[in-house]
Amino acid sequence: MADEGALTTGITASELRPLAPEFYLRRADEVAPELLGRFLIRGARGRRAVGRIVEVEAYLGADDPASHAAGGRRTARTETMYRRGGVAYVYLIYGLHHCLNVVCGPSDEAQAVLVRAIEPVDGLEWMIANRGIGPEPRPGDVGGGPGKLCQALAIDRSLDGVSLLDGELVLGEGRPAPPEELVRGPRIGVDYAGEAAAWPLRFAVADHRHMSRPIMRGRPGRYNRRS
DNA sequence: CGGAAGATCCACT
DNA sequence: GTGGATCTTCCGA
224 MADEGALTTG
234 ITASELRPLA
244 PEFYLRRADE
254 VAPELLGRFL
264 IRGARGRRAV
274 GRIVEVEAYL
284 GADDPASHAA
294 GGRRTARTET
304 MYRRGGVAYV
314 YLIYGLHHCL
324 NVVCGPSDEA
334 QAVLVRAIEP
344 VDGLEWMIAN
354 RGIGPEPRPG
364 DVGGGPGKLC
374 QALAIDRSLD
384 GVSLLDGELV
394 LGEGRPAPPE
404 ELVRGPRIGV
414 DYAGEAAAWP
424 LRFAVADHRH
434 MSRPIMRGRP
444 GRYNRRS
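Going by the working numbering, the first residue of the first sequence is number 224, and it counts up by one from there.
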């Protein structure tokens, strides 16, 4: 991890402090809303980039038809999901993009939270270079999507299984979002999962500019339209 | 061993 | 809004 020394970020030491190991040892749908506002801290080759998580989705393991572990499926790819909570599960999707998950729960539960969007907090120039985009990105261009944020933070399968407590990829305390600012809705891109596609397991900071796609504001239980 | 589909993104119409 | 990129993973034969 890069040393402190940046003069411009305003990030405090407590915001960078790793979340406790016990934080992860719960169901994914309990952990997911508490991940909103947390800092994802990527350190590599003396550089640092930090993103604030603003959108996530919970995947509940064997009983969740949308999960890679649906029905208790256990394969070489998904083995990381079955580990004890507190590690990263990174996989390649569509042969092109990587997705980052936070593994939750005790061993063999295969619970995970997909990180769907971050707001850049530090290291913006590095993220822009990683994304290969122009110097003045619009909101969402850097981290507004699961594949985008992995590219921005240089996350690929070499980080599959790494601890989130210390090292190249850390989940820090950050600036948690107040519960009244959270919204929830159905998960994206899981139409193959039948009824489970409608489960309200997507969580986001309401009306946040860096979200991958909008969620209508409303009471829990009201969803946005859109298939 | 073959084929189909995928927790996505981007360019184009 | 639609379709193409691109390749690993997984399941069935």
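From the three backbone atoms N, C-alpha and C, an ideal C-beta is built for every residue, glycine too.
The structure displayed is predicted, hence computed values, not measured ones.
Measuring CB to CB, does residue i end up less than 8 Å from residue j?
i, j, result
"V325", "V336", "yes"
"A340", "M434", "yes"
"A267", "F426", "no"
"V344", "V273", "yes"
"R436", "A420", "no"
"L372", "G363", "no"
"L323", "P369", "yes"
"Q308", "L248", "It should be noted that the sequence gives Gly, not Gln, for residue 308. Yes, the pair counts as a contact, with Cβ atoms nearer than the cut-off."
"A400", "L242", "no"
"R275", "H321", "no"
Let me confirm a value: residue i is counted as buried when at least 16 other C-beta atoms fall within 10 Å, else exposed. Which label applies?
i, result
"E342", "buried"
"D430", "exposed"
"M304", "buried"
"R271", "buried"
"L376", "buried"
"T235", "exposed"
"P443", "With a pLDDT of only 46 at P443, under 50, the local geometry of the prediction cannot be trusted, and the value read off the model is given with reservation. Classification for P443: exposed."
"G357", "exposed"
"N280", "Inspection of the sequence shows that residue 280 is occupied by Glu rather than by Asn. E280 should be labelled buried."
"D252", "buried"
"R240", "exposed"
"D414", "exposed"
"I316", "exposed"
"L230", "Note that L230 scores a pLDDT of 47, beneath 50, so its modelled location is shaky and nothing firm can be said."
"R296", "exposed"
"G328", "buried"
Which residue or residues does DSSP assign as beta-bridge partners of residue i?
i, result
"R265", "A272, L392"
"C373", "In DSSP, C373 forms no bridge with anything."
"Y282", "A335"
"I452", "Examination of residue 452 is not possible in this model, given that the chain is present from 224 through 450 alone."
"L405", "V428"
"V326", "A335"
"V310", "S386"
"I165", "Outside the shown range of the chain (224 to 450) lies residue 165, about which nothing can therefore be said."
Am I right that residue i and residue j are in contact with their C-beta atoms under 8 Å? What's the rounded C-beta distance?
i, j, result
"P423", "G408", "6 Å"
"T298", "A333", "About 11 Å; that fails the 8 Å criterion."
"A416", "A292", "Actually they do not touch by this definition, with Cβ atoms about 12 Å apart."
"D383", "A311", "7 Å"
"E245", "G397", "About 17 Å separates the two Cβ atoms, so there is no contact after all."
"V428", "V277", "5 Å"
"R354", "Q374", "5 Å"
Residue i: beta carbon under 7 Å from a heavy atom of the ligand HEM?
i, result
"R339", "The ligand HEM is absent from the structure shown, which contains no ligand whatsoever."
Touch test, the segment 255-275 against the segment 390-398, Cβ-Cβ under 8 Å, three pairs minimum: yes
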